[in-house]
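Numbering (this note's numbering), first residue to last: 3 to 290.
Notes to accompany the following structure.
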Amino acid sequence: MKRDNKLRKFDNLIISAGSGVSSNGFTLLQTRQRLKNRDRLDSAYTPPVRPAAALAKAQITRHTPPMSNQTILITGANRGIGLEFAKHYAAQGHQVIGACRETSEALEAISTRIITGIDLSHLSNIVTLAEELGDTPIDTLINNAGMWHDETVNDMNIDQIIEQMTINAYAPLKITTTLLPNLKEGSKVAMITSRMGSIADNSSGGRYGYRGSKAALNMFSKSLAIDLKPKGIAIAILHPGYVQTRMVNFGGDIAADESARKLAGIIENLTLENSGTFWHSNGEVLPW
Ligand SMILES: NC(=O)c1ccc[n+]([C@@H]2O[C@H](COP(=O)([O-])OP(=O)(O)OC[C@H]3O[C@@H](n4cnc5c(N)ncnc54)[C@H](OP(=O)(O)O)[C@@H]3O)[C@@H](O)[C@H]2O)c1
């Protein structure tokens with residue numbers, strides 16, 4: 003009942019995000035600026051100094067790779083939950099690669115590298131993203147970029163639904179499969195979906211494009227979890243909560259930084275055994 007009330011609250015919001023798709027122009031951040039940012043970040047991170055005995059013990063007892071110095075690729079990293087993911091991982095000393103349509107000052111302040119011009123309403127930009135990345139190994143890919151339009155049974159707009167399917171469902175699938183050469187055994191992929199894509203949880207109807215695209219993303223993600231298990235790549239299917247971002251006109255009941263921190267905790271505990279699970283950021287396993 004509480005959940006349904008939240009959905010109704012969400013349903014009543016006027017959503018503004020993403021309706022103005024930017025130009026198709028591909029504008030890479032100046033290479034020089036990028037290298038400058040990277041060098042600044044590389045030199046800013048100093049690993050903590052530990053006594054030799056403690057270090058030796060840590061090396062013997064550690065069962066997972068160290069959390070720092072991993073490479074995290076985040077789509078939609080310029081604002082909202084994506085930006086908070088970027089801040090979270092950068093603060094831990096990881097290399098953050100932000101992919102977005104246009105950069106932001108906040109992202110430039112913390113990321114290792116920014117790849118702009120990645121408008122996911124044009125799937126060909128994913129090839130450009132892959133070309134830009136080259137053979138850069140990716141430890142964690144976070145497919146976060148997403149958009150929302152509203153349709154009702156009396157106000158149907160199929161073009162809008164196609165756009166949401168492209169950005170919210172086809173793009174994360176294509177990004178993941180196109181970047182398979184960059185992922186390796188032990189890599190993780192997080193799909194930022196929504197509980198709105200749960201068929202079992204749909205008690206208020208409507209939202210055809212958003213619900214449909216996130217349901218499709220959930221199914222694509224589940225198949226990826228099965229198909230990529232032999233390669234040692236795990237997939238998390240994550241609902242961030244009702245989060246205070248532009249997508250919901252900064253309503254919501256959880257701040258974007260808190261949501262990103264909780265989701266990062268789930269990603270940290272992601273294994274091949276629990277791969278393909280649909281989680282709420284509060285840790286609850288959600289119904290399909
Ligand atoms: N906020 C919530 O309550 C909530 C709930 C459930 C799920 N989610 C999911 O969480 C994810 C992040 O959303 P958010 O809340 O952080 O929303 P947001 O603040 O509106 O951010 C959306 C992000 O997606 C990017 N994006 C939109 N259209 C794009 C396109 N055509 N190509 C490339 N990037 C595009 C935006 O980039 P631009 O700046 O270029 O527009 C922005 O970086 C989404 O997948 C969303 O569906 C959010």
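Where a beta carbon is used, it is the ideal one built from N, C-alpha and C, also for glycine.
Kindly indicate which three-state DSSP category residue i falls into: helix, strand or coil?
{"i": "residue 115", "result": "strand"}
{"i": "residue 257", "result": "coil"}
{"i": "residue 237", "result": "strand"}
{"i": "residue 171", "result": "helix"}
{"i": "residue 120", "result": "coil"}
{"i": "residue 201", "result": "coil"}
{"i": "residue 207", "result": "coil"}
{"i": "residue 274", "result": "coil"}
{"i": "residue 267", "result": "helix"}
{"i": "residue 182", "result": "helix"}
{"i": "residue 107", "result": "helix"}
{"i": "residue 58", "result": "At residue 58 the pLDDT is 35, less than 50, meaning the model places this residue with poor confidence; the figure from the coordinates comes in the next sentence. Note: residue 58 maps to helix in three-state DSSP."}
Considering just the uninterrupted stretch of the alpha helix (DSSP H) at residue i, what are its terminal residues?
{"i": "residue 128", "result": "127-135"}
{"i": "residue 85", "result": "82-93"}
Going by other Cβ atoms of all chains shown within 10 Å of its Cβ, with 16 needed for buried, is residue i buried or exposed?
{"i": "residue 32", "result": "Low per-residue confidence applies at residue 32: pLDDT is 35, beneath 50, and the placement is therefore not dependable enough to give any value."}
{"i": "residue 198", "result": "buried"}
{"i": "residue 281", "result": "buried"}
{"i": "residue 234", "result": "exposed"}
{"i": "residue 186", "result": "exposed"}
{"i": "residue 238", "result": "buried"}
{"i": "residue 222", "result": "buried"}
{"i": "residue 158", "result": "exposed"}
{"i": "residue 127", "result": "buried"}
{"i": "residue 252", "result": "exposed"}
{"i": "residue 1", "result": "Look at the range of the chain in this structure, 3 to 290, and you will see that residue 1 is not part of it."}
{"i": "residue 100", "result": "buried"}
{"i": "residue 284", "result": "exposed"}
{"i": "residue 232", "result": "exposed"}
{"i": "residue 93", "result": "exposed"}
{"i": "residue 205", "result": "exposed"}
{"i": "residue 49", "result": "Low confidence applies here, because residue 49 scores a pLDDT of 34, under 50, leaving its location unreliable and the question unanswered by this model."}
{"i": "residue 161", "result": "exposed"}
{"i": "residue 111", "result": "exposed"}
{"i": "residue 242", "result": "buried"}
{"i": "residue 119", "result": "buried"}
Identify every residue that forms a DSSP beta bridge with residue i.
{"i": "residue 157", "result": "154"}
{"i": "residue 281", "result": "240, 287"}
{"i": "residue 245", "result": "256"}
What residue range is occupied by the uninterrupted beta strand (DSSP E) comprising residue i?
{"i": "residue 2", "result": "With the chain covering 3 to 290 only, the question about residue 2 has no answer from this structure."}
{"i": "residue 188", "result": "185-194"}
{"i": "residue 229", "result": "Here residue 229 belongs to no beta strand (DSSP E); instead the alpha helix (DSSP H) covers 210-230."}
{"i": "residue 144", "result": "140-145"}
{"i": "residue 75", "result": "73-77"}
Is there at least one Cβ from chain D nearer than 7 Å to residue i's Cβ?
{"i": "residue 164", "result": "Of the chains in the structure shown, none is chain D; there is only one protein chain."}
Query raised in the report: Three or more beta-carbon pairs under 8 Å between the stretch 134-142 and the stretch 69-89, yes or no?
Result: Counting Cβ pairs under 8 Å, three or more are found: they touch.
Query raised in the report: Is the stretch 257-266 close to the stretch 208-223, with three or more CB pairs under 8 Å?
Result: In short, these stretches do not touch, since the Cβ pair count stays below three.
Report task. Could you say if the stretch 222-232 and the stretch 177-195 meet the contact criterion of at least three C-beta pairs nearer than 8 Å? Result -> When Cβ pairs closer than 8 Å are counted between the two stretches, the stretch 222-232 is seen to touch the stretch 177-195, the count reaching three or more.
Query raised in the report: Taking one C-beta from the stretch 245-261 and one from the stretch 157-172 each time, how about it: are there three or more such pairs within less than 8 Å?
Result: The answer is no - the stretch 157-172 does not touch the stretch 245-261, with fewer than three Cβ pairs under 8 Å.
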